[in-house]
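A quick write-up on the structure given underneath.
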Amino acid sequence: MFQKGDKTSSEEMSAVFQLGFVTDDERALEKLFGVEESSRISDECLSLMATRIATVFASLGEFPSIRYHAAKSLDPATVTTFRELIPTKLAAGVLDCLLKLPGFPQKETCELLVLDRSIDQIAPLMHEWTYDAMCHDLLNIEGNKYMHEVSVPSKTGGLPEKKEVLLEDHDPVWLELRDAHIAEASERLHEKMTRFMSKNKAAQIYQHSRDGGELSTRDLQKMVQALPQYNEQTEKLSIHADIAAKLNRLVGELGLKELGQLEQDLVFGDAGTDEVLNYLGTKPDVTRENKLRLLMIYAAIYPEKIKDHHVIKLMELARLPTDDMNAVHNMRLLEGSFDARRTYTGIFSVFNKVGINRSLKCFS
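Going by the numbering used here, the residue at position 170 of the sequence shown is 268; the numbering climbs one at a time, nothing skipped.
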């Protein structure tokens, strides 16, 4: 994520824009943190990432001051692992690429913060309750494409017809609701629908006709005049009302309120092995995915118990296939790397070329 702010001296104004980029390597986590360590594969992965990240900055005309979690190797009294060197290597690689660009201005204009997954193992596993996160977690959405089912009797004889909807910034309703808690999003949708029905002439006339009233010629004229705006607004609202209803239904069917509470209690230290055992023992209908996510959260929080007899009991209750249990065990590969180096920090700056060159030699 690249973020840049600009403040002017004459006005108290700050303009911020955000752009998201990915290095497009779906197996990067496996290559860098996998069971089988391979310096060649890992170095190739980091080199490709560094080149692509540097390309983004070069395209934007930005030269970053690069901050990262330094490896313990900076302390000569300790021994470090390759995994702990990942942020340092990536930071060095990005800077090396930028320094090699002929004529590229070496004046720092922004900051790049380099982190790896060990800094936060749990966030991708927990159920998040914002409208955006729940849509992507619970619904069949590819990228930002959602298939909305619409009933069109004249075309399909009453069967639902699927229509592709883009959930993006051009949709004002999505833009307003995406970061809201699902409960708040549902309330806002209800309020927007109520307000729209009270102000839109076509909506009022349509509702009047549904209540048994007869439409006059003047009513029809007003309705036709309001129809273009009515159709566009009702379509947006009805799509999101349908999505919110599906999300709320799935929350109930999957028992996510109780599961979400247990996840949060684990993270905050208010629950432990006993609570997870009780949950798995009393909730036989929990989906395979949710059991896997719960046990991976447990393994991330209590890595020292990964071979404890309690964990064996958890696995028996979960009844997960071997591949899933391997995923739980593999959480240990991320364990400890952040705690072990959290007191170490580093910065690669254009004004610190001696340190940069020394670091690059270590990685060559």
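C-beta: ideal position from N, C-alpha, C; glycine also. None of the values given here were measured: they were computed from a predicted structure.
Sequence-distant residues of the same chain with beta carbon closer than 7 angstroms to residue i, five excluded per side
i: K290; result: L335
i: A339; result: L287 and M291
i: T207; result: E160 and F161
i: Q319; result: Confidence in Q319 is poor, its pLDDT being 49 and thus under 50, which makes the residue's placement too unreliable to answer from.
i: M423; result: M413
i: L199; result: A156
Anticipated Cβ contact below 8 angstroms, residue i with residue j, distance rounded
i: L390; j: A425; result: 7 angstroms
i: A152; j: L196; result: 5 angstroms
i: F119; j: L432; result: Their Cβ separation, rounded to whole angstroms, is 23 angstroms, which puts F119 and L432 out of contact at 8 angstroms.
i: P185; j: D214; result: 6 angstroms
i: A148; j: V192; result: 5 angstroms
i: E361; j: I395; result: 6 angstroms
Spatial neighbours of residue i in its chain, beta-carbon cut-off 6 angstroms, leaving aside the 5 residues before and after
i: M232; result: I280 and L345
i: D267; result: L273
i: L265; result: N242, Y244 and W272
i: Y400; result: none
i: L237; result: none
i: L352; result: none
i: D363; result: A369
Burial state of residue i (16 or more Cβ within 10 Å)
i: E109; result: Confidence at E109 is low in this model, with a pLDDT of 45, below 50, so the placement of that residue should be treated as unreliable; the coordinate-derived value is given next. Looking at its Cβ environment, which holds fewer than 16 other Cβ atoms inside 10 Å, E109 is exposed.
i: E387; result: exposed
i: F155; result: buried
i: S284; result: buried
i: A221; result: exposed
i: E182; result: buried
i: M321; result: Low confidence applies here, because M321 scores a pLDDT of 46, under 50, leaving its location unreliable and the question unanswered by this model.
i: R296; result: According to the sequence provided, residue 296 is Ser. The question's Arg does not apply to it. Label assigned to S296: exposed.
i: D194; result: buried
Limits of the unbroken beta strand (DSSP E) element including residue i
i: P258; result: P258 to L264
i: E209; result: C208 to V212
Residue nearest to residue i in terms of C-alpha spacing, selected from the options
i: D269; options: S284, E259, K243 and R293; result: K243
i: L418; options: I239, C143 and L392; result: L392
i: A189; options: D141, G132, K205 and D218; result: D141
i: C143; options: Y377, K129 and V154; result: K129
i: K205; options: G159, D340 and R165; result: G159
i: E247; options: I337, F294 and E351; result: I337
i: L348; options: P258, A221, P203 and H225; result: H225
i: L211; options: L223, F161, G241 and W272; result: F161
i: T332; options: E124, H288, G350 and D194; result: H288
i: T385; options: L357, T121, I404 and I395; result: L357
i: Q330; options: F294, L364 and Q359; result: Correcting the residue type first, residue 330 is Glu in the shown sequence and not Gln. Here the closest residue by C-alpha is F294.
i: I81; options: I220, Y166 and V263; result: Residue 81 cannot be examined here, being either before or after the span of the chain that is shown, 99 to 462.
i: Y166; options: Y377, T178 and K187; result: K187
i: E282; options: K261, G201 and T228; result: T228
i: Q163; options: L199, E209, P203 and D122; result: Before going further, note that residue 163 is Ser rather than Gln in the sequence given. Checked all of L199, E209, P203 and D122; the closest Cα to S163 is E209.
i: L354; options: T371, F366 and K381; result: K381
i: P203; options: S157, R430 and E402; result: S157
i: R276; options: D230, K261 and P258; result: D230
i: H234; options: V133, R150, I341 and K260; result: I341
Cβ shell of residue i (< 8 angstroms), same chain only, five flanking positions each side left out
i: L375; result: H408, K411, L412 and L415
i: F180; result: E135, S137 and S140
i: S145; result: G191
i: V365; result: I220, M224, I395 and I399
i: R430; result: A397, P401 and I404
i: T121; result: L146, M147, R150 and I151
Limits of the unbroken alpha helix (DSSP H) element including residue i
i: R165; result: That residue, R165, is in no alpha helix (DSSP H); its beta strand (DSSP E) goes P162 to Y166.
i: R391; result: R386 to I399
i: P419; result: Per DSSP, P419 belongs to no alpha helix (DSSP H) and is neither H nor E.
i: D230; result: Y229 to L236
i: A190; result: F180 to L197
i: V374; result: T371 to T380
i: E361; result: L354 to V365
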